[in-house]
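Chemist: According to our numbering, the sequence shown holds residues 64 to 211 in order. Here it is: the structure, laid out below.
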Amino acid sequence: MASGSERVVVVGVDDSSHSYHALETAPELFFTPFKANPQFKLVLIHARLTATSFKSILLSLSIYHNSGSGCYTSVLGFAGPGTVDIIPLVEQDLDKTAELVKKKCTEVCSAKSVEITSLEVIEGDPRNIMLEAAERHHASVLVLGERG
């Protein structure tokens with residue numbers, strides 16, 4: 064845990080409404096009451112999936128479809144031999160989403176007059192990324208949306 068003078072709030076943000084709600088709530092709890100003398104530093108983390116992990120998700124959905132559920136017909140076009148062809152497109156989409164998340168984070172914090180100490184996009188499994196970020200920044204508080 065961080066020392067008294069360097070307390071850190073780490074907020075995990077993806078492109079979900081729950082994470083944006085967490086982002087809007089954290090400043091109200093930890094920054095607004097101390098506006099003249101902030102007690103915390105704000106670190107925002109966006110854990111970005113990799114295109115290959117995205118491919119694995121699509122492949123598992125394809126297997127689920129092939130088991131007879133019939134729910135994921137549109138996914139079959141992405142999970143097969145041609146999947147390699149879409150990886151660059153998936154990477155571009157993931158990059159675009161990361162940029163939109165960063166922009167939204169900046170807008171929310173600016174509107175609340177809260178300074179962002181660090182805004183990071185880290186590639187990997189969000190479960191691991193968030194725990195590693197909390198440890199690396201010696202977080203006093205870890206704020207997550209729905210899955211936290």
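Every residue gets a Cβ at the ideal spot worked out from N, C-alpha and C, and that includes glycine.
Using a 10 Å radius around the Cβ and a threshold of 16 neighbouring Cβ atoms, would you call S132 buried or exposed?
Modeler: Only weak support exists for where S132 lies, its pLDDT of 46 falling under 50; the value from the coordinates is given anyway. Per the 10 Å Cβ criterion, exposed.
Chemist: Which residue spans inside the region 67 to 124 form an unbroken beta strand (DSSP E) run of at least 3?
Modeler: As far as the region 67 to 124 is concerned, its whole beta strand (DSSP E) runs of at least 3 residues are 70 to 75 and 103 to 111.
Chemist: Might you give, ordered along the chain, the residues of its own chain that have their beta carbon closer than 8 angstroms to the beta carbon of E154, omitting 5 neighbours on each side?
Modeler: Once the five neighbours on either side are set aside, the close Cβ partners of E154 are A114.
Chemist: Three Cβ pairs or more, each shorter than 8 angstroms: is that satisfied between the region 183 to 197 and the region 96 to 105?
Modeler: Because the criterion of three Cβ pairs below 8 angstroms is not met, the region 183 to 197 and the region 96 to 105 do not touch.
Chemist: Roughly how many angstroms separate the alpha carbons of A85 and V184, rounded to a whole number?
Modeler: Their backbone Cα atoms lie some 17 angstroms apart in a straight line.
Chemist: Secondary structure at A197, three-state DSSP: helix, strand or coil?
Modeler: Helix at A197.
Chemist: Report the option in D158, K159, S79 and T180 whose CA atom is closest to the CA atom of P90.
Modeler: That would be T180, whose Cα lies nearest to the Cα of P90.
Chemist: Going by the DSSP bridge assignment, what does L182 pair with across the sheet?
Modeler: DSSP output for L182 lists L107 as bridge partner(s).
Chemist: Considering only the alpha carbon of each residue, which of I108, K175 and V204 lies closest to G187?
Modeler: It is I108 whose Cα lies nearest to the Cα of G187.
Chemist: Considering Cα atoms alone, identify which of I149, L207, L152 and V74 is closest to K275.
Modeler: Residue 275 falls outside the range modelled here, since the chain spans only 64 to 211, and no answer is possible.
Chemist: When you compare the CB positions of D158 and A110, do they come within less than 9 angstroms of one another, or not?
Modeler: It is not a contact, given that the beta carbons lie outside the stated cut-off.
Chemist: In terms of DSSP beta bridges, what is V177 paired with?
Modeler: In DSSP, V177 forms no bridge with anything.
Chemist: Classify L157 as helix, strand or coil using the three-state DSSP reduction.
Modeler: Reduced to three states, the DSSP call for L157 is helix.
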